[in-house]
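Q: Each residue of the sequence shown is one higher than the one before, starting from 15 at the first, in the numbering used here.
Dropping a structure here in structure tokens format, bear with me for questions.
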Amino acid sequence: MTTKGNNGTEAVVAQFAQFAADTHGPKWLAPLRKAGLASFADQGYPTLRDEDWRFTNVAPVAKLDFHPAPAVAANGAESRAISESVFDGLDGHRLVFVNGFFAPQLSRIKPVAHGVRIENLSAALAHDAALIEKHLGKYAQVEKNSFAALNQAFFSDGAFIYVPSGVEVAEPVQLLYISSAKNTGEAILPRNLVIAGAHSKLTVVESYLSTVNAPYFTNAVTEILAGDNARVEHVKLQDEAAGAFHIATIAGEFGRTSNVTVHSFALGAKLSRNNIRVKLAGEGLECILNGLYLTREEQLADHHMIVEHAQPHCASHEYFNGILDDKSRGVFHGRIYVHPEAQKTDAKQTNKNLLLSDDASANTKPQLEIYADDVKCTHGATVGQLNAESIFYLRTRGMDEETARRMLIHAFAGEIIERIRCEPAREVIDKLVWDRLEANPHLLGK
Numbered sequence: 015m016t017t018k019g020n021n022g023t024e025a026v027v028a029q030f031a032q033f034a035a036d037t038h039g040p041k042w043l044a045p046l047r048k049a050g051l052a053s054f055a056d057q058g059y060p061t062l063r064d065e066d067w068r069f070t071n072v073a074p075v076a077k078l079d080f081h082p083a084p085a086v087a088a089n090g091a092e093s094r095a096i097s098e099s100v101f102d103g104l105d106g107h108r109l110v111f112v113n114g115f116f117a118p119q120l121s122r123i124k125p126v127a128h129g130v131r132i133e134n135l136s137a138a139l140a141h142d143a144a145l146i147e148k149h150l151g152k153y154a155q156v157e158k159n160s161f162a163a164l165n166q167a168f169f170s171d172g173a174f175i176y177v178p179s180g181v182e183v184a185e186p187v188q189l190l191y192i193s194s195a196k197n198t199g200e201a202i203l204p205r206n207l208v209i210a211g212a213h214s215k216l217t218v219v220e221s222y223l224s225t226v227n228a229p230y231f232t233n234a235v236t237e238i239l240a241g242d243n244a245r246v247e248h249v250k251l252q253d254e255a256a257g258a259f260h261i262a263t264i265a266g267e268f269g270r271t272s273n274v275t276v277h278s279f280a281l282g283a284k285l286s287r288n289n290i291r292v293k294l295a296g297e298g299l300e301c302i303l304n305g306l307y308l309t310r311e312e313q314l315a316d317h318h319m320i321v322e323h324a325q326p327h328c329a330s331h332e333y334f335n336g337i338l339d340d341k342s343r344g345v346f347h348g349r350i351y352v353h354p355e356a357q358k359t360d361a362k363q364t365n366k367n368l369l370l371s372d373d374a375s376a377n378t379k380p381q382l383e384i385y386a387d388d389v390k391c392t393h394g395a396t397v398g399q400l401n402a403e404s405i406f407y408l409r410t411r412g413m414d415e416e417t418a419r420r421m422l423i424h425a426f427a428g429e430i431i432e433r434i435r436c437e438p439a440r441e442v443i444d445k446l447v448w449d450r451l452e453a454n455p456h457l458l459g460k
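So this is what it looks like as structure tokens:
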């Protein structure tokens, strides 16, 4: 195995032998982990020379003293983090993980029927490895994604959700990841596998919070399979500590006439990156990628999307808005790839960035790669400050300037939030974003 020791992979690879010796699982899992490690060692950490990373410098992550965070006994800090979060009042199932390890005493799993499975991944591997083997690692490609490869090698635990064909899970399933990592370089590596059978219905709310402020590293992977005519909504909130690093992969494959919506809300972390790659593998399906990032100080929030249209008559729509303050940065890179057989594709990308400071900046790069001739594909991007004409218009209707600014900024965020179909999840996200915006003095132009 070759390693790119010049950017930190050698030290990571050296830790794998001990990790593997301490980790148990079915026989097929060890080769999968080794394949992930080999891919990570071959690729190394991405650099600014990589086209897909040229706006996001992960050198601070590569320089960390990487070591998987140990399992810890949950205490009052984690309980307080849950009770103080907006998700405390969200009904439904709740799986809680501390430093990436399942915390049953903090979780709430209601009785399920009709073959539905809601449990932690390590437990599922112990008694249903054959089902998981068919799917784990099949959707999150490790090629050209060194962080997914790193997760595949070192993942600790995560959620396993299985909904059989024709079954609806009425209440949202909440996956709550809490970090209590106190040491620089501690790595939290969750792995989620979501399987929604044909004609099933499911909502998953995945959130990341923290009880400490340390330069730890979260590297998460969520794989989603949606069967024919399935209805799946995935809501992800990243609200990590201000000194943390958060890199995540969301990968999915969706069947004929399915309807899948993936939302991403990035509020926390010093540096965050969401790699979202979905394959529209069946005819006539609709996929929506929808996101909002709020950044301040020197935060960086990056969303990198690839939507692969592999069959005809599919629609994909990407809507991402950013509100950036101080010296923070936002990055949007969306790529629509249309296969030759994917005729009648309808694809749209929209990225809008609102700068609340002269020092904030956004890099946006929508892309179309089309190999079919009967398609409708569009993209657009904007970067700027509040429109003076819009403020003037509202003032002519009797509003003062502060009220006008507040209304416009909340509406800018609200157009993303209102796309969440699950009403309880939409309400808690709306409250969180509202409170976060109201706490910002620049909301009023001060």
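Glycine included, C-beta positions come from ideal geometry on N, C-alpha and C.
Because the structure is a prediction, the values reported are computed rather than measured.
Quick check on A339: buried or exposed, where buried means 16 or more other Cβ atoms within 10 Å of its Cβ?
A: The sequence given here places Asp at residue 339; Ala does not occur at that position. With 16 or more other Cβ atoms within 10 Å, it is buried.
Q: In terms of alpha-carbon separation, which member of F30, R47, D66, H38 lies closest to K379?
A: D66
Q: Which residues bound the alpha helix (DSSP H) around M461?
A: What is shown of the chain runs 15 to 460, which leaves residue 461 out entirely.
Q: Give me, in chain order, the residues of the same chain whose beta-carbon lies closer than 6 angstroms to that of T217; leave out the 5 immediate sequence neighbours on both sides.
A: P186, E247, C436
Q: Between the stretch 321–337 and the stretch 304–311, do three or more beta carbon pairs fall short of 8 angstroms?
A: Touching, yes, given that three or more Cβ pairs across the two stretches are closer than 8 angstroms.
Q: In this structure, what does DSSP give as the bridge partners for C391?
A: According to DSSP, which records beta bridges pairwise, C391 is partnered with A361.
Q: Would you call the stretch 40–58 and the stretch 118–130 in contact, with 3 or more CB pairs under 8 angstroms?
A: no
Q: Compute the beta-carbon to beta-carbon distance between K466 and H327, rounded to the nearest angstrom, for a pair I have assumed lies under 8 angstroms.
A: Because residue 466 is not part of the residues shown, which for the chain are 15 to 460, the question remains open.
Q: What span of residues does the alpha helix (DSSP H) with N165 cover, start to end?
A: 160–168
Q: Taking 7 angstroms as the limit between beta carbons, can you name the residues of its chain near H205, skipping five residues before and five after?
A: The identity of residue 205 in the sequence shown is Arg, whereas the question assumes His. L135, N165, F169, G172, V235, listed in sequence order.
Q: My parser needs the beta strand (DSSP E) runs of 3 or more residues fully inside the stretch 241–295; what are they?
A: 245–252, 259–268, 273–280, 285–294
Q: Just list the residues that DSSP pairs I302 with in beta bridges.
A: In the DSSP output, where bridge partners are listed per residue, I302 has T275, H331.
Q: Under the rule that 16 or more other beta-carbon atoms within 10 Å means buried, what is L62, buried or exposed?
A: exposed
Q: Could you spell out where the alpha helix (DSSP H) holding E147 opens and where it closes?
A: 143–147
Q: Measuring only the C-alpha atoms, how far is F101 from Y222?
A: 11 angstroms
Q: Would you call the stretch 347–361 in contact with the stretch 316–330, where contact means no fewer than 3 C-beta pairs closer than 8 angstroms?
A: Because the criterion of three Cβ pairs below 8 angstroms is met, the stretch 347–361 and the stretch 316–330 touch.
Q: So for P380, helix, strand or coil by DSSP?
A: strand
Q: Suppose the cutoff is 6 angstroms on Cβ atoms and the five residues either side in sequence are ignored; what does the same chain contact list for A154 look like?
A: A162, V235, E237, T263, A265
Q: Report the option in V126, R108, P125 whose CA atom is closest to the CA atom of P118.
A: R108
Q: Counting Cβ pairs, one atom from each stretch, are 3 or more of them under 8 angstroms apart for the stretch 145–153 and the stretch 85–98?
A: Judged by Cβ distances under 8 angstroms, the stretch 145–153 makes no contact with the stretch 85–98, as fewer than three pairs qualify.
Q: When the Cα of N243 is compared with those of L207, L190, P178, which residue comes out closest?
A: P178
Q: Return the first residue and the last residue of the beta strand (DSSP E) that E200 is part of.
A: 200–202
Q: Between which residues of its own chain and T16 is the CB-CB distance below 8 angstroms, once the five residues before and five after are set aside?
A: With a pLDDT of only 45 at T16, under 50, the local geometry of the prediction cannot be trusted, and the value read off the model is given with reservation. Within the same chain, T16 has close Cβ partners A55, D56.
Q: Rounded C-beta distance between E254 and S193? I'm assuming under 8 angstroms.
A: 7 angstroms
Q: Kindly indicate the opening and closing residues of the beta strand (DSSP E) around L370.
A: First-last for L370: undefined, no H or E at that position.
Q: In terms of residue numbering, what span does the beta strand (DSSP E) encompassing G344 cover?
A: 343–352
Q: Excluding the 5 residues preceding and the 5 following N20 in the sequence, name in chain order all residues of the same chain whose CB lies nearer than 6 angstroms to its CB.
A: With a pLDDT of 45 at N20, under the threshold of 50, the modelled position of that residue is not reliable, and the figure given next carries that caveat. So no residue of the chain qualifies.
Q: If I measure Cβ to Cβ from V75 and keep anything under 8 angstroms in the same chain, skipping five residues before and after, which residues do I get?
A: Y59, F231, F259, I261, L285
Q: On a Cα-Cα basis, can you pick out the residue from D36, N71, K77 that is closest to A85?
A: If we check each option's Cα against that of A85, D36 comes out closest.
Q: So, using beta-carbon positions, are V345 and C301 closer together than 7 angstroms?
A: No. Outside cutoff.
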